[in-house]
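A.B. asks: One structure follows; several queries about it will come next.
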Amino acid sequence: MSKKAAEATYRPKGYGVSPSLARARAPFRTQNAITGLTLFGFAVSVWAYSIHAVKQDNFDDVDFEALNTSVEEKAKRISLEDEAKARVQIPPSAVPSTEAVAASASTPTSTANPSSGGGWFSWAWGSK
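For reference, each letter of the sequence shown is one residue, going 15 to 142 in the numbering used here.
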C-alpha cells in the first residue's frame, strides 16, 4: 500500500477523524487524558502556591521607605556591589614600589639547583 493510500484511509477528507484513526487512537485516549490532567493540575497548583505565598508578604514598609527617601539620600547609599569592591581593593601601602620589585627580581630566591639530585620536581616543589 502506498503512503498516499494509507493517509487517505486515516484522513479521507482533510482534517476529520476517520473510523480507522479513531480505532488506532482509542487505546491511548485514557492514558493521554490522565497525563494531560496531571500536568494541568501541577501547573495550577504551582500558580496557586505562588499567589498564596505572595499574598502573605507585607510590602507596606517598602513603599513607605521609598516615598520618604530623597534623591540625595539615595545617592549617598552604597550598593552591595560597591561594598564588595571596597573590601577587595588592596590598600596603596600593601603594593610594593617598582624599585623593590626590580631588586627582588634580580636576586635569586632559592639556592636549590635543579640539576643536583632529585630532578626537576624536587627543585620546583622544595622536597629533598
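We treat Cβ as the ideally placed atom computed from N, Cα and C, and that holds for glycine.
CA-CA distance, Ser59 and Leu51?
C.D. replies: If you number the sequence shown from 1, residue 59 lands on position 45. If you number the sequence shown from 1, residue 51 lands on position 37. If I take the Cα positions, the gap works out to 12 Å.
A.B. asks: Mapping DSSP to helix, strand and coil, what is Ile92?
C.D. replies: Taking the first residue of the sequence shown as position 1, residue 92 is located at position 78. It is coil, neither helix nor strand.
A.B. asks: Counting only the same chain and skipping the five closest in sequence on each side, list residues whose C-beta sits under 7 Å from that of Ile65.
C.D. replies: Locating residue 65 in the sequence shown gives position 51, counting from the first residue. Once the five neighbours on either side are set aside, Ile65 has no close Cβ partner at all.
A.B. asks: Taking only three categories from DSSP, how would you classify Asn82?
C.D. replies: On the sequence shown, position 68 is the one that residue 82 refers to. Looking at Asn82 - three-state DSSP - the assignment turns out to be helix.
A.B. asks: Going along the chain, which residues of its own chain have a beta-carbon closer than 7 Å to the beta-carbon of Ala67, five neighbours each way excluded?
C.D. replies: Stepping through the sequence shown from its first residue, residue 67 is reached at position 53. Excluding sequence neighbours, Ala67 sits near nothing in its chain.
A.B. asks: Please list the terminal residues of the continuous alpha helix (DSSP H) segment that includes Asn46.
C.D. replies: Your numbering for residue 46 matches position 32 in the sequence shown. Taken as a continuous stretch (DSSP letters only), the alpha helix (DSSP H) holding Asn46 covers 33-70.
A.B. asks: Could you check the C-alpha separation between Leu35 and Gln70 for me, to the nearest Å?
C.D. replies: Counting from one through the sequence shown, the residue named residue 35 turns up at place 21. Counting from one through the sequence shown, the residue named residue 70 turns up at place 56. Their Cα atoms are separated by approximately 51 Å.
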